[in-house]
Amino acid sequence: MVEGECKLCGEHRELKLSHFIPKFVGKWVKDSSATGYIRLNQNINKRAQDIAKDYWLCGECEQLFSGWEREFANKIFYPFVKNETDSAFYGEWLAKFCASLSWRTLSYMRSMNPRSDKVVDEKEKVVLRGLASFLLGKTSNLGIFEQHFYPLDAIDSASVGVGLPENINRYLLRSMHMDVLVGDGQVMVYTKLPKFILLGLSNHSESKQMRSSRVSIREGKLFPQSYYWPKGFAEYMFGKAREISQLYRKINPNQQAVIEKTLTKNPERAAASETIAAFQHDLEMFGRAAFSPSNPDDSA
Ligand SMILES: [Zn+2]
230 MVEGECKLCG EHRELKLSHF IPKFVGKWVK DSSATGYIRL NQNINKRAQD IAKDYWLCGE
290 CEQLFSGWER EFANKIFYPF VKNETDSAFY GEWLAKFCAS LSWRTLSYMR SMNPRSDKVV
350 DEKEKVVLRG LASFLLGKTS NLGIFEQHFY PLDAIDSASV GVGLPENINR YLLRSMHMDV
410 LVGDGQVMVY TKLPKFILLG LSNHSESKQM RSSRVSIREG KLFPQSYYWP KGFAEYMFGK
470 AREISQLYRK INPNQQAVIE KTLTKNPERA AASETIAAFQ HDLEMFGRAA FSPSNPDDSA
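Residues in the sequence shown are numbered consecutively from 230, following the working numbering.
In structure tokens:
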């Protein structure tokens with residue numbers, strides 16, 4: 230048993246093993262992958278059993294998170310990733326779920342890279358405090374912190390493909406990723422799930438143009454519509470996709486052989502997998518260039 234201070238409510242209690250990216254997301258990526266394994270970008274030469282987790286939350290806070298996760302999983306995540314629908318109504322749980330993701334991403338990134346810039350550190354602490362009191366029900370809204378949630382589709386049209394990385398569909402449809410972008414005195418919390426992006430931001434100069442992606446605090450509807458990305462964000466994302474591609478170029482030959490062996494052992498699984506489906510989209514758009522190595526498993 231692990232005891233300590235819960236990072237969310239601050240109570241000294243028994244701590245549970247919590248996932249930063251929700252566990253059901255990692256499980257879906259693994260189950261729908263070509264090989265049945267995932268590789269983490271931090272350590273691509275090793276198959277990973279699981280995505281990042283740590284003893285951070287007490288049982289009560291963990292319960293709180295899992296209630297919102299269940300709503301999101303059943304009403305949005307699974308129906309969207311299975312292509313059963315492209316729209317969904319949501320209730321108050323979506324704002325809570327998104328806040329829990331941003332809180333986890335920001336806390337995790339800070340634990341990995343302690344902030345040396347005092348101004349940034351202070352800004353992030355304010356965001357974390359705001360998220361925590363919203364999550365714990367002490368405040369009914371997030372103040373100046375806005376949450377923007379984007380359902381993603383495959384890109385198949387070459388006309389928009391100019392300058393895109395050759396693994397863009399695999400990145401959009403399959404990857405999991407957490408990051409915090411700091412610039413111009415703004416803190417942007419980035420959480421990438423397969424087929425979805427969540428951006429958390431405060432005082433952003435373009436927030437007016439971004440209305441369509443904003444998560445309502447009470448209820449709303451997700452449906453296909455045109456979305457606005459903040460300036461520089463698309464380039465950031467493409468850069469991340471390229472980084473993954475570069476990583477896989479460096480995968481060692483032994484591990485490459487392990488992947489090939491797993492694929493040939495069960496070709497039916499691979500053919501029916503979402504990994505291959507995402508690859509097909511890249512292939513349609515880029516032709517042979519899509520064969521540059523990227524996501525033979527799926528990465529986080
Ligand atoms: Zn707690």
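Each residue gets a CB set at the ideal place from its N, CA and C atoms; glycine is no exception.
Remember, predicted model here, so these are calculated numbers, not experimental data.
Subject >> Residues of its chain near A281, where Cβ-Cβ distance is below 6 Å and the 5 sequence neighbours each way are ignored >> reply: As a first step, residue 281 is located in the sequence shown; it is residue number 52 there, counting from the start. Result list for A281: F249, in chain order.
Original post:
Does ligand 1 have even one heavy atom less than 7 Å from the beta-carbon of E240?
Top reply: Translated into positions along the sequence shown, residue 240 becomes position 11. At least one heavy atom of ligand 1 is nearer than 7 Å to the Cβ of E240, so yes.
**OP:** Below 6 Å CB to CB, which residues in the same chain sit around G392 once its five sequence neighbours on both sides are set aside?
**Re:** Position 163 of the sequence shown, counted from the first residue, corresponds to residue 392. The answer is none, since no qualifying residue turns up.
Original post:
What is the DSSP secondary structure of S247, reduced to helix, strand or coil?
Top reply: Counting from one through the sequence shown, the residue named residue 247 turns up at place 18. In the structure shown, S247 sits in a strand (DSSP, three-state: E or B).
Original post:
Exposed or buried, what is K450 when buried is set at 16 or more other beta-carbons lying within 10 Å of its beta-carbon?
Top reply: For the purposes of this step, residue 450 is taken as residue 221 along the sequence shown, with counting starting at 1. The residue is exposed, with fewer than 16 neighbouring Cβ atoms inside 10 Å.
Original post:
If you run the structure through DSSP and keep just helix, strand and coil, what is K304?
Top reply: Working through the sequence shown from its first residue, we reach residue 304 at position 75. Helix.
Subject >> Integer Cβ distance of I267 from V258, believed to fall under 8 Å >> reply: Stepping through the sequence shown from its first residue, residue 267 is reached at position 38. Stepping through the sequence shown from its first residue, residue 258 is reached at position 29. Going by Cβ atoms, the distance from I267 to V258 rounds to 6 Å, so yes, they are a contact pair.
**OP:** Could you say if the stretch 344–357 and the stretch 405–425 meet the contact criterion of at least three C-beta pairs nearer than 8 Å?
**Re:** yes
Original post:
So what's M417 in DSSP terms, helix, strand or just coil?
Top reply: Along the sequence shown, one-based indexing puts residue 417 at 188. Correct three-state label for M417: strand.
Original post:
Taking 7 Å as the cut-off, does the CB of L364 come closer than this to any heavy atom belonging to ligand 1?
Top reply: Residue 364 sits at position 135 when you count from the first residue of the sequence shown. L364: no, Cβ never under 7 Å from ligand 1.
Original post:
Which of the three DSSP states, helix, strand or coil, is assigned to D408?
Top reply: Here residue 408 refers to the residue found at position 179 when the sequence shown is read from its first residue. Of the three classes helix, strand and coil, the one that applies to D408 here is strand, per DSSP.
Original post:
Do the stretch 328–343 and the stretch 360–373 meet, that is, are 3 or more Cβ pairs less than 8 Å apart?
Top reply: yes
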